[in-house]
Structures are given as structure tokens and as C-alpha cells.
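Enquirer: Protein sequence lines correspond, in order, to chains H and G.
Going left to right, the first sequence walks through residues 0 to 490 as numbering that gives the first Met the number 0 numbers them.
Going left to right, the second sequence walks through residues 0 to 189 as numbering that gives the first Met the number 0 numbers them.
First the structure, then my questions, so here it is.
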Amino acid sequence: MNDSSDFDAIDSLLSGVAPQVPLPDPAERRDLRERAHLSKARVAEALGVSPSTVSGWETGRDPVGEVRKRYAYLLDGLRAKLAPEAIEDAEAVEAEEEAEAEEAPVPAAAVDDDVEVLAAPEPCVLCGNPAAQRIDGFAQHLDPAECTAAEPAPKVPAPKAPAPEASPRKPRGRAFQEESGPGELVTRAVAAALADHGGDVDDATAALVKHAIPDAMVLLDETRKGARYDVVAHPALPKILRKQTAKGADQVWEARPKWTRRVLPGGAHEVTALDMNAAYLSALKTHLPIGQLEHSSGFEHDRRRAGVHLITPPEWEYEDVLPNPIGNRDEPGPLWVTEPTLRLLLRLSGPKHRLCEPPEIHESYTSGSTENLLEKFRVTLTDARARAIEADDEVTLEYVKAMYSKFVSTMGESNYNRELYRQDWMHLIRSQAFANLWMKAWKAHEEGLHVVRAMGTDELHVIGDWRRVFPEGRGVTEVKVKDTYTVGEGS
Amino acid sequence: MPEKSIQFGLFGARGIKGGEAVANQLDRLAGGIATPVTAKRGWTARLNYLTRTPHAVRAAKAAGLTVTDRTLKAWRDGKRQPSRASLEKIERAYTAVRRQNVAKHLLKRLNRDGRGTRIEIHPLNQSQVPQPHKRVLSMRTMNVRDWDALVTAWAAGDTGGLETAWDDTVVDLGSDWGQYEYVTNVGFAA
Chain H
0 MNDSSDFDAI DSLLSGVAPQ VPLPDPAERR DLRERAHLSK ARVAEALGVS
50 PSTVSGWETG RDPVGEVRKR YAYLLDGLRA KLAPEAIEDA EAVEAEEEAE
100 AEEAPVPAAA VDDDVEVLAA PEPCVLCGNP AAQRIDGFAQ HLDPAECTAA
150 EPAPKVPAPK APAPEASPRK PRGRAFQEES GPGELVTRAV AAALADHGGD
200 VDDATAALVK HAIPDAMVLL DETRKGARYD VVAHPALPKI LRKQTAKGAD
250 QVWEARPKWT RRVLPGGAHE VTALDMNAAY LSALKTHLPI GQLEHSSGFE
300 HDRRRAGVHL ITPPEWEYED VLPNPIGNRD EPGPLWVTEP TLRLLLRLSG
350 PKHRLCEPPE IHESYTSGST ENLLEKFRVT LTDARARAIE ADDEVTLEYV
400 KAMYSKFVST MGESNYNREL YRQDWMHLIR SQAFANLWMK AWKAHEEGLH
450 VVRAMGTDEL HVIGDWRRVF PEGRGVTEVK VKDTYTVGEG S
Chain G
0 MPEKSIQFGL FGARGIKGGE AVANQLDRLA GGIATPVTAK RGWTARLNYL
50 TRTPHAVRAA KAAGLTVTDR TLKAWRDGKR QPSRASLEKI ERAYTAVRRQ
100 NVAKHLLKRL NRDGRGTRIE IHPLNQSQVP QPHKRVLSMR TMNVRDWDAL
150 VTAWAAGDTG GLETAWDDTV VDLGSDWGQY EYVTNVGFAA
């Protein structure tokens with residue numbers, strides 16, 4: 000007994016000193032890691048060592064033992080992932096591998112051990128097409144017959160190169176990271192609603208839309224976990240933000256555009272009515288006051304604060320070609336505008352544009368501001384929306400739309416949402432949407448299009464080849480065509 | 000009461016009693032007739048509410064609508080208009096009866112089977128206080144599980160009771176709870 004256990008110990012020792020796994024030279028180790036955008040800290044965490052150890056390995060020291068094997072595996076894996084970027088070398092790699100295979104014929108059992116079946120197909124290092132197996136850390140086809148594109152790949156290196164770079168990146172994130180976080184709330188709610196209604200799309204959509212406001216509030220809470228600022232939901236608001244009468248409005252001017260060009264350029268033109276996608280969703284990114292609004296009077300604008308301001312707007316001299324950034328205001332004199340409108344006016348009066356005089360600020364109700372308050376909320380919904388469009392999932396699309404639009408419209412004094420009483424935010428977000436539309440009109444004007452009309456939150460009518468200015472599509476940065484019509488003589 | 004304001008407003012602090020702020024928010028949540036009592040539409044709506052059933056009439060009389068049935072009928076038939084003093088009486092009775100009627104439902108929603116409701120306490124306004132006398136005050140939030148005392152005092156229009164109930168509630172804030180005797184606003188949803 001004693002003898003045999005002694006030999007066991009010796010055997011395990013011997014297996015320990017078996018040929019050391021080869022590693023690339025230190026400079027290449029570092030290069031591989033950097034090209035994969037991995038930090039030392041992340042690599043170190045994965046390998047169970049300290050980041051300074053990883054630094055050591057990348058400047059000349061060599062790891063030993065178990066951790067060396069794991070490090071070698073990581074570097075192999077990285078090389079396999081990054082290989083498609085240098086597709087020109089595909090043939091060389093292929094040749095090398097073949098040479099290796101011939102040099103050291105490995106027993107069949109060992110080959111089987113090294114073959115991993117991939118859950119998410121990865122691009123084959125040889126041909127770039129999705130392969131379901133990984134051999135020795137390299138995703139590739141087992142059967143050479145499947146490797147069809149092996150020859151054409153090197154022939155067209157230039158256009159081919161960027162394509163595989165985009166494709167392997169995406170699945171990498173998904174494969175290693177389970178979807179979690181706030182986005183899951185949307186997915187789960189949709190799945191539950193569909194299950195409740197036996198897959199009836201209309202009923203499920205109706206049920207989801209009905210629940211959109213409380214769901215949006217839950218999502219907001221979820222996205223503020225661990226955040227720096229609390230959402231202050233019930234501040235005491237100044238009188239100007241209170242409704243004057245039961246049905247009336249408060250005193251804040253949101254600068255909603257409602258402008259039609261008076262004089263059209265001569266001749267007949269085809270006008271395209273463009274619709275900005277999800278304007279209120281994008282407008283959630285704005286400088287929002289965090290806490291209670293405090294009064295101040297003076298002409299200085301503090302960029303770190305946001306709120307509402309009493310200003311005398313500057314004269315607008317370009318009414319013929321561009322809408323007035325404060326909307327079409329009938330009454331003259333000072334008016335209460337919100338932060339986005341003020342910032343738009345300040346920007347337009349700045350040295351870059353010089354389109355008008357700077358506005359005169361008389362008094363302000365402001366609070367320290369941040370642009371990030373609703374940022375995670377916005378990104379979550381934008382992602383859910385993009386995924387729904389990609390998957391042609393009308394239920395999720397409707398649900399997301401109801402969430403953000405109702406969230407904005409009921410965050411004020413509404414009885415439908417009593418969790419949040421922020422009239423100021425509601426005004427600011429709406430104004431931001433209008434300011435965004437104004438900037439789109441300005442962009443069209445700058446690019447030589449004729450702006451014919453700017454209406455409401457998301458409607459822009461232009462003459463000219465708008466496709467070179469705005470991408471067409473359903474994404475939040477894209478526009479869709481609402482209508483085309485002809486104006487001018489001879490129509 | 001630790002850290003409390005002994006002579007509130009001596010150095011220019013502004014605010015209202017915490018209980019009063021709670022009552023304001025409860026009134027906002029209770030809702031009711033929005034048209035002012037001075038408009039005909041407003042007082043007729045309130046009278047209708049107060050005289051719809053014999054039970055309502057009894058509650059209105061108990062709440063201080065001390066007029067004869069004959070007068071009530073004349074008002075309702077449009078033969079006479081209530082005087083300014085009567086309008087005030089109508090308004091007071093309406094508020095009291097409305098609060099009593101809504102209290103039960105509000106209480107249930109606020110207690111939420113013992114889970115309670117989170118409140119936001121906005122501290123008193125110190126913008127007019129000279130710097131040496133200013134305190135470090137911040138917005139506080141807390142979960143209030145037991146609303147019985149607050150809502151009962153509000154429904155009964157009992158100002159003293161509201162103050163006591165508020166003090167009993169903010170004790171949970173910690174050792175500086177006395178600073179929140181006066182506030183600018185108390186916010187919560189129901």
C-alpha cells in the first residue's frame with residue numbers, strides 16, 4: 000500500500016512537470032489583451048491573480064503551473080477571436096496548423112478532448128462562416144467540406160475585413176453575459192402578458208399598455224439602484240409651475256414649434272414630411288434639476304444648474320427660412336422658458352452660430368442638475384425598442400412606446416401617476432424634444448435643404464434630397480417618411 | 000425634542016408644521032370639487048354632495064352646516080342664494096364630510112397591509128437665515144407603516160392631533176428628528 004501511494008505521488012509530480020504549455024512572447028501577450036479591449040484587472044480577476052502579476056507576465060516574467068495553462072488558454076482564445084480581423088493571414092494560419100498537425104500527430108482521444116461544442120456559433124478562423132465547434136481554442140469546422148469560403152476569403156481582403164470584426168464581437172458579449180438588469184423587466188412583463196392571454200397579441204398589448212405607468216415607475220426605481228442621486232418625487236414647487244385653474248396650464252412656455260414657411264422657393268417642389276422616431280424617448284436625455292427648485296435673480300446662467308427661467312427672448316430675424324427657437328409666441332415681453340430652450344438660445348447666440356442676441360435672464364428657479372438621472376432608463380427602453388424592431392415584435396414596441404410617452408405625460412400633476420410630481424421635469428423633457436427638432440431643422444437648413452414646416456414634437460417638412468442628411472429607418476437616430484406632397488406653381 | 004426650533008422664524012426660517020404639510024398632501028390626494036365655492040357651479044355641487052342622502056345631511060349638520068331644511072330647499076331650488084357666511088359654512092362642511100368619507104379608503108392605501116408608504120420630507124427653507132444660524136438640513140425619506148393617527152386626526156380636522164401624530168412619526172428619522180418639526184413639503188403617493 001505504502002509503495003503504491005508513493006508512486007501515485009511521484010506520478011502526479013511527473014505529470015506536473017510535463018512539457019510546459021507554450022506561451023507567446025510577452026509583447027504579443029500584451030498586444031492580444033489590448034486588442035481585445037480587456038483591462039489587466041479583468042484578466043487578473045478571471046485568472047485569480049493580481050493585476051500586477053499580469054503586468055509582470057507582459058513584461059517578461061513567465062507564469063508557472065496551473066495558472067500558466069489557464070493563461071495560455073486565454074491567450075489562445077483571444078488569438079482565435081481576433082484572428083478574423085487579420086483575414087489576409089488566414090492561409091498562413093491554415094498552413095501552419097496543417098504543418099503542426101502533421102508534425103505532431105495527436106492521439107484521437109486527445110483531439111476529442113480538445114473539441115468543444117459551442118452553444119453560440121462563432122466564426123470559423125479559416126473561412127469566417129459560423130462554426131459550431133472549437134478545436135484547441137480555435138472555432139472551426141470539423142469537416143473541410145463545410146469550410147467553403149476558404150478560397151474566396153483572401154481574394155477580397157478589403158471589404159471582407161470589417162464584416163467579421165462586427166459579427167464576432169456581438170455574440171462574444173452575449174455568450175458570456177446573461178441578460179440581466181432593468182432590460183429584463185420589459186422582456187419578462189411582455190412574456191408574462193403573452194402567457195396570460197394565451198398568445199393573443201392584441202389582448203396582451205392592451206393589458207401591457209394599461210400597466211405602462213406603474214411599470215415605468217418600477218423600471219425607473221430599478222435603474223436608479225446604486226445611483227448617486229435619489230429621485231426627488233415631491234418637491235414643493237414654485238407657483239409658476241402650479242396650474243392657474245383646474246383645467247388651465249401653468250406659466251411655463253415649452254417653445255413648441257408650429258411654423259410654416261411663408262414664402263416658398265420658386266417653382267414646383269416635392270415636399271417630404273419627415274417624422275422623428277421616438278422623439279420623447281430621446282428627449283429623456285436632458286439636464287434635469289435634481290432637488291427642490293430655488294429662486295435666484297440675475298443675468299448669469301450657471302451650467303451646473305437647471306430649471307425654469309424668466310427671460311426676454313432675443314429678436315429672431317430668420318423667420319423666413321427657420322422657425323423661431325422659442326416657438327410661435329403671440330404675446331410680446333418676458334416669458335418663463337425651460338432649461339433646454341434657454342440653452343438652445345444661448346447656443347445660437349454663441350460664437351459658433353451668432354444667429355441672435357443672447358437672451359436676457361431676469362429670474363430663475365433652478366436646482367443642481369444632471370443629465371444622467373433618466374439616462375439608464377432611456378438606454379434600457381431604447382435597447383428594448385431596438386430589439387423589438389429587429390425581431391418585429393409589435394407587442395414590445397407598443398409597450399415601450401406607452402411606457403416612455405405616458406411616463407413623460409403623467410410625471411407632473413397627473414392623477415394617473417401619483418408617485419412623481421415633477422411638472423418641471425415634464426416641461427423640460429418636452430422642451431428638449433422641441434429643441435431637438437429645432438436642431439434637426441437647423442441641420443437640414445445647413446445642408447442646403449429647404450425647411451418648409453416644423454410642427455409639434457416630431458414633424459419636419461423639407462424640400463430636397465434629405466436622404467444624404469438624415470438616415471432613413473426606425474431607429475431613434477433615424478427618420479421615417481410620413482408623407483410626400485407637391486407645392487408651388489404648376490402643382 | 001432634540002434640535003427643535005424653539006422660536007420658529009426668529010432668524011428668518013420659513014416653513015409649515017409637518018402635520019399641516021401632511022394634511023395638505025392628504026387633501027390633494029382626496030381630491031374633490033375643483034370649482035371654487037363662490038361660483039354657482041361650485042356651491043351647488045357641494046350642496047348636492049352634502050344633501051344627497053339623509054345620512055349625508057346628518058353628517059353635514061354635524062360638520063357645522065347649521066341651516067334649516069327650508070333654507071336648504073330654497074338654495075337647491077334656486078329661490079335663494081347663500082350669503083357669504085353661508086358659503087363659508089358650506090365649504091367647511093364639505094371639506095369635513097369629504098375627508099370623513101375618503102379617510103377609510105386613503106388609510107387602506109397608505110397602510111398597504113402593513114407595508115406602509117414612503118414619504119419625502121423637504122426641510123424648512125433657510126434661504127433668508129444668516130449664515131451663522133443656518134443648519135445643515137437635507138431632504139429625508141422614510142417609510143411610514145402606521146398612518147392611523149395621522150389620517151384620523153386629518154379626517155377630524157384636529158390640528159393638535161396632527162402635530163402630535165407627526166412628531167410620533169418623525170421620531171424614526173434618528174436623533175435630529177426635531178429639525179423636521181417644520182418643513183416646506185411632505186410628499187407621498189397613495
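Heads up, the beta-carbon is just placed ideally off N, CA and C, and yes, glycines get one too.
Predicted model only: the values in this text are computed from it and were never measured.
Could you tell me which residues DSSP puts in a beta bridge with I360(H)?
Expert: Note: I360(H) sits in a beta bridge opposite I310(H).
Enquirer: Short of 8 angstroms Cβ to Cβ, which residues in the stretch 280–295 of chain H face chain G?
Expert: From the stretch 280–295 of chain H, only G290, Q291, E293, H294 have a Cβ closer than 8 angstroms to chain G.
Enquirer: Hey, is F7(G)'s beta-carbon within less than 9 angstroms of any beta-carbon in chain H?
Expert: By this cut-off, F7(G) is not an interface position.
Enquirer: DSSP state of E87(H), grouped into three classes?
Expert: Confidence at E87(H) is low in this model, with a pLDDT of 47, below 50, so its placement is unreliable and the value that follows should be read with caution. In this structure, E87(H) counts as helix in the three-state DSSP scheme.
Enquirer: Counting beta carbon pairs with one atom in the stretch 0–12 of chain G and one in the stretch 151–161 of chain G, are three or more of them shorter than 8 angstroms?
Expert: With the cut-off at 8 angstroms, the stretch 151–161 of chain G and the stretch 0–12 of chain G do not touch.
Enquirer: Using CA atoms only, rank isn't needed, just tell me which of N276(H), E33(H), L459(H), A235(H) is closest to G290(H).
Expert: Nearest C-alpha to G290(H): A235(H).
Enquirer: For F502(H), is the classification buried or exposed, using 16 other Cβ atoms within 10 angstroms of its Cβ as the cut-off for buried?
Expert: Because chain H spans 0 through 490 in this model, residue 502(H) falls outside it and cannot be assessed.
Enquirer: Considering only the beta carbon of each residue, do R13(G) and Q130(G) sit closer than 9 angstroms?
Expert: Going by C-beta atoms, R13(G) is not nearer than 9 angstroms to Q130(G).
Enquirer: Determine whether the Cβ of M138(G) lies closer than 9 angstroms to any Cβ atom of chain H.
Expert: Chain H contact via Cβ: present.
Enquirer: Kindly say whether H104(G), judged by its beta-carbon, lies nearer than 9 angstroms to any beta-carbon of chain H.
Expert: Taking Cβ atoms only, chain H never reaches closer than 9 angstroms to H104(G), which makes this a no.
Enquirer: Can you give me the Cβ contacts of L309(H) inside the same chain, cut-off strictly under 6 angstroms, excluding the 5 residues immediately before and after it?
Expert: Same-chain partners within the cutoff: P333, W335, H361, E362.
Enquirer: Which of the three DSSP states is assigned to Q178(G) in this structure?
Expert: Reduced to three states, the DSSP call for Q178(G) is helix.
Enquirer: Which of the three DSSP states, helix, strand or coil, is assigned to V150(G)?
Expert: Note: V150(G) maps to helix in three-state DSSP.
Enquirer: Beta carbons nearer than 8 angstroms to chain B: which residues of the stretch 228–241 of chain H have them?
Expert: In the displayed structure, chain B is absent; the protein chains listed are H and G.
Enquirer: Can you tell me the Cα-Cα spacing of R377(H) and L263(H), whole angstroms?
Expert: The straight-line gap from Cα to Cα measures roughly 38 angstroms.
Enquirer: Quick one: is Y415(H) near chain G, going by C-beta distance under 9 angstroms?
Expert: No - not a single Cβ of chain G is within 9 angstroms of the one on Y415(H).
Enquirer: When you compare the CB positions of K238(H) and Q431(H), do they come within less than 9 angstroms of one another, or not?
Expert: In this structure, Q431(H) does not lie closer than 9 angstroms to K238(H) by Cβ.
Enquirer: Alpha carbon to alpha carbon, what distance is there between L136(G) and H121(G)?
Expert: One C-alpha to the other measures close to 9 angstroms.
Enquirer: Please decide whether Y364(H) counts as near chain G, where near means a Cβ-Cβ distance under 9 angstroms.
Expert: Not an interface residue.
Enquirer: Taking 9 angstroms as the cut-off, decide whether the C-beta atoms of R304(H) and P324(H) are in contact.
Expert: No; because the gap between Cβ atoms is not below 9 angstroms, this pair is not in contact.
Enquirer: Specify the secondary structure class of R303(H) as computed by DSSP and reduced to three states.
Expert: Three-state DSSP puts R303(H) in coil, outside helix and strand.
Enquirer: Rounded to whole angstroms, what's the CA-CA distance from A267(H) to A194(H)? Just pull it up for me.
Expert: Cα-Cα distance, rounded: 54 angstroms.
Enquirer: Once DSSP output is grouped into helix, strand and coil, what is the label at P288(H)?
Expert: Note: P288(H) maps to strand in three-state DSSP.
Enquirer: Nearest CA to the CA of R302(H): which residue from H286(H), V63(H), L219(H)?
Expert: Taking only the C-alpha atoms, the option nearest R302(H) is H286(H).
Enquirer: Mind checking which residues open and close the alpha helix (DSSP H) that includes E27(H)?
Expert: 25–34 is the extent of the alpha helix (DSSP H) around E27(H).
Enquirer: Measuring only the C-alpha atoms, how far is P161(H) from K80(H)?
Expert: Interpretation of P161(H) is limited by its pLDDT of 41, a score under 50 that renders its predicted location unreliable; no figure is taken from the coordinates.
Enquirer: Which residues bound the alpha helix (DSSP H) around T186(H)?
Expert: Segment 182–195, the alpha helix (DSSP H) holding T186(H).
Enquirer: Against E418(H), what residues of chain G qualify as contacts under a CB-to-CB distance less than 8 angstroms, listed in chain order?
Expert: Ordered by position in chain G, the residues that pass the 8 angstroms Cβ test against E418(H) are A188.
Enquirer: Helix or strand or just coil, what does DSSP make of H121(G)?
Expert: H121(G): strand per DSSP, three-state reduction.
Enquirer: Three or more C-beta pairs closer than 8 angstroms, one from the stretch 268–277 of chain H and one from the stretch 339–358 of chain H: is that the case here?
Expert: Contact fails: fewer than three Cβ-Cβ distances are below 8 angstroms.
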